[in-house]
Amino acid sequence: MSMPLALASLCLLLLFNGCLASRQNIFGQNKEWGLNQLEAREPDNHIQSEAGVTESWNPRDPQFQWAGVAAVRRTIEPNGLHLPSYVNAPQLIYIVRGRGVLGAVFPGCAETFEDSQPQQFQQQQQFQPSRQEGGQGQQQFQGEDQQDRHQKIRHIREGDIIALPAGVAYWSYNNGEQPLVAVSFLDLSNDQNQLDQVPRRFYLAGNPQDEFNPQQQGRQQQQQQQGQQGNGNNIFSGFDTQLLAQALNVNPETARNLQSQNDNRNEIVKVQGQLDFVSPFSRSAGGRGDQERQQEEQQSQREKEEKQREQEQQGKRQQGGGGQDNGVEETFCSARLSQNIGDPSRADFYNPQAGRISVVNRNHLPILRYLGLSAEKGVLYNNAIYTPHWHLNANVLVYAVRGNARVQVVNENGDSILDDEVREGQMFLVPQNHAVIAQANNEGFEYISFKTDDNSFTNTLAGRTSVLRALPDEVLQNAFRISRQDARNLKYNRQESRLLSATSPPRGRLMSILGY
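Take the sequence shown: its letters are residues -21 to -1, 1 to 495, numbered as in mature numbering (1 follows the signal peptide of the UniProt record, and there is no 0).
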């Protein structure tokens, strides 16, 4: 009995060690890079579509691999449609400029947007698929056509941050008059990603190129130039045509259209005419300008109402003594996916001489608690300084929206691993616990940062709430070998919080205010 038991124990031990080694190899291989040097980078890959451009940062770049993140910038031209797709990791999308609509499809949720249906149709249950003409399919029912119904449509605009779980299919459409520009952040190291740390986008339509794989992009372009026809690159393409037609109860021609074998428009396509769908805004009697103004007013009103509800819910939680949700307050079907953090009135930190910062975390957008992500939008005025600080519990990926700034990042050895002039359109990484400082140039600096924690904490090194301010005078005297007066100046010479003006108040005036 002892020999089989010992043998079984040995096998289990070897199996456990093998699994542990495999897991460390998967999740630890990117950590071998020592973070000795960071750099602000522009997108590496460029894909031109029929109605827009997709640009991505190389996910194999050591700093992106180390943090387990990926990023994409997408520009959709007016009347352009980004085809439905989903990714293998949760993502945050920031709208840099423009406006449009976004549809997210949650499994099992009701189709709550619908046209009125004639009573005659309520008795019609059977339909027969018709042949497709020009790729535009319409299913003909007995009697009258079925009225459109679909899941909720969300209107998006500049300054919106949109949260999407892994595997949730979504599409977006530019119904404005200027390009719609969006930056997407993917957290590949998140628990929701059960695959490897390689970004994967699964398309439901079209024949798109892989936005993260330039080698495949080159092969596809070569095939197109040589006139070769191959399978499409959406998830329907790999299925047998007859089996797919049978599963969808359509004819084989329709199934082949779904596989998009001869579609060379890539992932952003031009809509013929205008995209028509069921929406509270799509039945406006005015022109496009009136419709956009109405959308903006409605969106602003909704945000005010949502903010009021959030304040009321927080008050109820405080009165009730409980800080946890009961699980019924919000479901995925009714979840609020976006919040506008570009509106100056929503600023969480504001300095008239330096700028403003707006934060969105799990307290503002409950779905972020599930995703484990948060974001921060900052606007630095001319020559203003974002106080030196570090992030306690998150890696941070920063995208420069407008302007330039000098940025420095310092590691645990006191080495400056990033000292660069960051320009508009570039992106850089701030690893967890690494100190960082930024100063805008004469034109100011605007950024959006994505954080890998749903309630990220920041500790500052200068200003009213800094760690130096919290230390006793004598600790500072002995630590830095300075006088008591210098220690007090170090603690109290800056009365601002996170954003510092270019010039501090005169020392004599400041000390008189403090009573010294």
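Every residue, glycine too, gets a C-beta built ideally from N, C-alpha and C.
Within 10 angstroms of its Cβ, does H25 collect 16 or more other Cβ (buried), or is it exposed?
-> exposed
What first and last residue would you give for the alpha helix (DSSP H) that runs through Y471?
-> In the DSSP annotation of this structure, the continuous segment of the alpha helix (DSSP H) that includes Y471 starts and ends at 463 to 471.
For E453, count neighbouring C-beta atoms within 10 Å of its own C-beta (all shown protein chains included) and say buried if the count is 16 or more, exposed if not.
-> Its Cβ having fewer than 16 others within 10 Å, E453 is exposed.
What is the residue span of the beta strand (DSSP E) that L62 lies within?
-> L62 -> beta strand (DSSP E) spans 59 to 66.
How many whole angstroms separate the CB atoms of E56 and V248, which I take to be in contact at a CB cut-off of 8 Å?
-> The Cβ separation is near 10 Å, so there is no contact.
Measure the CB-CB distance between R52 and G31 and report whether it falls below 8 Å.
-> Pairing R52 with G31 gives a Cβ-Cβ distance that is not under 8 Å.
Within 10 angstroms of its Cβ, does L479 collect 16 or more other Cβ (buried), or is it exposed?
-> buried
Three-way DSSP call (helix, strand, coil) for G206 in this model | Summary for G206: the model assigns pLDDT 46, below 50, so the residue's position carries little reliability; its value from the coordinates is reported in the next sentence. Looking at G206 - three-state DSSP - the assignment turns out to be coil, as it is neither helix nor strand.
Evaluate the contact criterion for the stretch 146 to 157 versus the stretch 42 to 52: three or more CB pairs, one atom per stretch, below 8 Å.
-> no
Three-way DSSP call (helix, strand, coil) for T366 in this model | strand
Grab me the residues of P187's own chain with a C-beta within less than 6 Å of its C-beta, minus the 5 sequence neighbours each way, in chain order.
-> Taken in chain order, the residues that qualify are N212, N245, E246.
In the structure shown, what three-state DSSP assignment does M(-21) receive?
-> Here the model assigns M(-21) a pLDDT of 45, short of 50, so the residue's position is not dependable and the matter cannot be decided.
Opposing strand residues paired with A49 [DSSP bridges] = L165
Along the chain, where does the alpha helix (DSSP H) that runs through T220 open and close?
-> 220 to 227
DSSP beta-bridge partners for S395?
-> V389
Just to check, is the beta-carbon of G217 closer than 7 Å to a non-hydrogen atom of the ligand GDP?
-> Because no ligand of any kind appears in the structure shown, any question about the ligand GDP cannot be addressed here.
Name the one or two DSSP bridge partners that S428 has.
-> E355, V377
With DSSP as the reference, label Q238 as helix, strand or coil.
-> helix
Range of the contiguous beta strand (DSSP E) that encloses N330 = 328 to 330
Residue burial classification, Q27 (beta-carbon count within 10 angstroms, cutoff 16) | exposed
Give every residue of the same chain whose Cβ lies closer than 7 Å to the Cβ of N330, excluding the five residues on either side of it in the sequence, and list them in chain order.
-> E475, L478, S480
Which listed residue (P63, A184, W36) has its alpha carbon closest to that of S151 | P63
In this structure, does DSSP put S337 in helix, strand or coil?
-> strand
Could you round the C-beta distance between Y149 and G79 to whole angstroms and report it? I think they count as a contact, below 8 Å.
-> So it is not a contact: roughly 12 Å between Cβ atoms.
When the Cα of L60 is compared with those of P41, T33, D40, N392, which residue comes out closest?
-> T33
I141 in three-state terms, based on DSSP = strand
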